[in-house]
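Below is one structure, written out as structure tokens; comments come after it.
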Amino acid sequence: MLALTNGDVSQENSNDKNNIESNSIKFVKGKYGKPLLESSMPIKFSMTTDKLFSSMFLTKGLEDTEVGIDVANVINYCGSNCIDLFRDIFTEQEFNYLSTSPNATTELQKARLFTKYWSFKESYSKYTGEGLNCAFQKVNFGELTIEDDTTIKTYDLHDDIGLVLNFYSKWIDSNRVLTVCYKCSNDHKDNYIVHKRIDLRDVLNYLNGADIFD
955 MLALTNGDVS QENSNDKNNI ESNSIKFVKG KYGKPLLESS MPIKFSMTTD KLFSSMFLTK
1015 GLEDTEVGID VANVINYCGS NCIDLFRDIF TEQEFNYLST SPNATTELQK ARLFTKYWSF
1075 KESYSKYTGE GLNCAFQKVN FGELTIEDDT TIKTYDLHDD IGLVLNFYSK WIDSNRVLTV
1135 CYKCSNDHKD NYIVHKRIDL RDVLNYLNGA DIFD
């Protein structure tokens, strides 16, 4: 798996080249407008944008799975009213923790905690392809930590929608948190992701045939 941003790269399991000609790639849209590669393509992807970042999460070789990615920014937090305004997307446990967490007493801490939950929820909605039509409360993230640079958790959702999903989250700078969502592979539940920092020059070199992932 690869999660690419213009400042960040995540790589998991395999660096296999896809060996697909660019002119053979064709896109279709899902029910709610999510862009997809035609079913014959062995790649799944998801995209998200921020004021300074464009990010893409790609997988190859995982059967029957979609992926989701989101980058959320604390500057979009609108104060304690945010929690009440978006009450419908949170489970009761999440809402109570956001409202009363002893680990989020300052405005900055509250903003970071809300932003992290938001990124988790958005990555799930992009995984399902439903966007704002998503039933966000189907996934309960419980009591998330705020400051951990990396969080890898597996949520068993068999009681609701029959899926076991991985959610991986990382603060990529002081304001932005990136979260990816994907279904666990059949042979193991705990996948790991390694981040590497890239810039525009790396991207241009990669497009010209250089291997920037060594």
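Everything in the sequence shown is counted per the working numbering, starting at 955 for the first residue and increasing by one.
Glycine residues also receive a C-beta, built at the ideal position from the N, C-alpha and C atoms.
Open item on the list: Can you find the residues in the same chain that come closer than 6 angstroms, C-beta to C-beta, to V1025, ignoring five residues on each side of it along the sequence?
Closed with: By 1-based counting over the sequence shown, the position of residue 1025 is 71. T1002, D1004, F1007, S1009, R1130 and L1132.
- [ ] Spatial neighbours of E1097 within its chain, please: CB distance less than 7 angstroms, with the 5 preceding and 5 following residues excluded, ordered by chain position.
- [x] As a working mapping, residue 1097 is identified with position 143 in the sequence shown. Excluding sequence neighbours, E1097 sits near Y1051.
Open item on the list: Just verifying my parser: in three-state terms, what is the DSSP assignment at G984?
Closed with: Here residue 984 refers to the residue found at position 30 when the sequence shown is read from its first residue. The answer is coil: DSSP assigns G984 none of H, G, I, E or B.
Task: CB of I1037 within 8 angstroms of CB of F1068, strictly - done: Against the sequence shown, residue 1037 aligns to sequence position 83. Against the sequence shown, residue 1068 aligns to sequence position 114. Yes, they are a contact pair.
Open item on the list: Quick check: what's the CA-CA separation for D1042 versus L1086?
Closed with: Counting from 1 along the sequence shown, the entry for residue 1042 is found at position 88. Counting from 1 along the sequence shown, the entry for residue 1086 is found at position 132. Answer to the nearest angstrom: the Cα atoms are 11 angstroms apart.
Open item on the list: Could you compute how far the alpha carbon of E992 sits from the alpha carbon of E1048?
Closed with: As a first step, residue 992 is located in the sequence shown; it is residue number 38 there, counting from the start. As a first step, residue 1048 is located in the sequence shown; it is residue number 94 there, counting from the start. Going by the C-alpha atoms only, they are around 37 angstroms apart.
- [ ] Determine the extent of the beta strand (DSSP E) in which R1066 is found, giving its start and end residues.
- [x] Taking the sequence shown and counting its residues from 1, one reaches residue 1066 at position 112. First-last for R1066: E1061 to T1082, but that is the alpha helix (DSSP H), not the beta strand (DSSP E).
Open item on the list: Given this structure, state the Cα-to-Cα distance separating E999 from V1028, to the nearest angstrom.
Closed with: Here residue 999 is taken as the residue at index 45 of the sequence shown, counted from 1. Here residue 1028 is taken as the residue at index 74 of the sequence shown, counted from 1. One point to set straight first is that residue 999 is Phe, not Glu, in the sequence displayed. Near 25 angstroms, if we compare the C-alpha coordinates of V1028 and F999.
Task: Extent of the continuous alpha helix (DSSP H) run through L1052 - done: For the purposes of this step, residue 1052 is taken as the residue at position 98 of the sequence shown. Run containing L1052: E1046 to T1054, per the alpha helix (DSSP H) assignment.
Open item on the list: For L1119, tell me which candidate among L1062, T1019 and F981 has the shortest Cα-Cα distance.
Closed with: Translated into the one-based positions of the sequence shown, residue 1119 becomes position 165. Comparing Cα-Cα distances from L1119 to each of L1062, T1019 and F981, the minimum goes to T1019.
- [ ] Go ahead and pull the three-state DSSP assignment for L1006.
- [x] Position 52 of the sequence shown, counted from the first residue, corresponds to residue 1006. Reduced to three states, the DSSP call for L1006 is coil.
Task: Delimiting residues of the beta strand (DSSP E) encompassing D1024 - done: By 1-based counting over the sequence shown, the position of residue 1024 is 70. V1021 to N1027 is the span of the beta strand (DSSP E), which, as asked, contains D1024.
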